[in-house]
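In the working numbering, the protein residues as written are 1 to 157.
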């Protein structure tokens, strides 16, 4: 158990160090445009469902040469109606950040809300890390807490 805990600590420490090894640069944000991505999805219909429950009782009488029976059965059927197929519409906010990197290149960075935080950035200077086509921007909230926001490089402007 102790060896496993040491291994997990070593992996986390290595991942933390390698994340800090990426050089940080200062990026000038010029402006941010927002848009909404709309998509339609299909919801299949369902069939109607019926359930029947029955209760019964019977009486048997021995007549000496045969048996006579009499009884009743009460049944109740419950039906849940089906639902026809339909289409739904969802909207996903997106941000397109227009920025200038230190060598003077104008770039457009894109993010989409969903699984991660996606913020619009006000004009100004931001610290960032570049990893391939991903750009991690560092911003601060009103409480001073630093947030790391992932954007994707999608071209120039």
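A virtual CB, placed ideally from N, CA and C, is assigned to each residue, including glycine.
Separation of residue j from residue i, as counted between CA atoms
| i | j | result |
| --- | --- | --- |
| residue 158 | residue 66 | Absent from the model: residue 158. The displayed extent of the chain is 1 to 157, so no value can be given. |
| residue 7 | residue 92 | Only weak support is given to the placement of residue 7: the predicted model assigns it a pLDDT of 36, under 50, and the question is left unresolved by the model. |
| residue 44 | residue 116 | 29 Å |
| residue 25 | residue 47 | 59 Å |
| residue 52 | residue 69 | 25 Å |
| residue 73 | residue 49 | 22 Å |
| residue 148 | residue 85 | 41 Å |
| residue 142 | residue 107 | 27 Å |
| residue 31 | residue 87 | 36 Å |
| residue 18 | residue 132 | Only weak support exists for where residue 18 lies, its pLDDT of 49 falling under 50; the coordinates are left without a value. |
| residue 137 | residue 151 | 7 Å |
| residue 112 | residue 155 | 16 Å |
| residue 58 | residue 83 | 40 Å |
| residue 4 | residue 153 | With a pLDDT of only 37 at residue 4, under 50, the local geometry of the prediction cannot be trusted, and the value read off the model is given with reservation. Each residue's Cα considered, the two are about 39 Å apart. |
| residue 145 | residue 97 | 21 Å |
| residue 37 | residue 22 | 32 Å |
| residue 54 | residue 94 | 57 Å |
| residue 225 | residue 29 | The question about residue 225 has no answer here: the residues shown for the chain are numbered 1 through 157. |
| residue 105 | residue 157 | 9 Å |
| residue 80 | residue 42 | 22 Å |
Whole-Å CB distance - residue i paired with residue j, under 8 Å assumed
| i | j | result |
| --- | --- | --- |
| residue 128 | residue 27 | 5 Å |
| residue 40 | residue 120 | Actually they do not touch by this definition, with Cβ atoms about 26 Å apart. |
| residue 139 | residue 126 | 6 Å |
| residue 89 | residue 109 | Actually they do not touch by this definition, with Cβ atoms about 27 Å apart. |
Residue i: CB within 8 Å of a non-hydrogen atom of the ligand ADP
| i | result |
| --- | --- |
| residue 116 | Within the structure as shown, the ligand ADP is missing, as the structure has no ligands at all. |
Per DSSP, the bridge partner or partners of residue i
| i | result |
| --- | --- |
| residue 93 | 36 |
| residue 64 | Its beta-bridge partners do not exist; DSSP assigns none. |
| residue 87 | 42 |
| residue 55 | 74 |
| residue 50 | 79 |
| residue 29 | 99, 124 |
Where the beta strand (DSSP E) through residue i begins and ends
| i | result |
| --- | --- |
| residue 101 | Counting along the chain, residue 101 falls outside any beta strand (DSSP E), and DSSP gives it neither H nor E. |
| residue 68 | 67-80 |
| residue 115 | Note, residue 115: premise wrong, no beta strand (DSSP E); not H, not E. |
| residue 136 | 134-140 |
| residue 150 | 146-155 |
| residue 127 | 124-131 |
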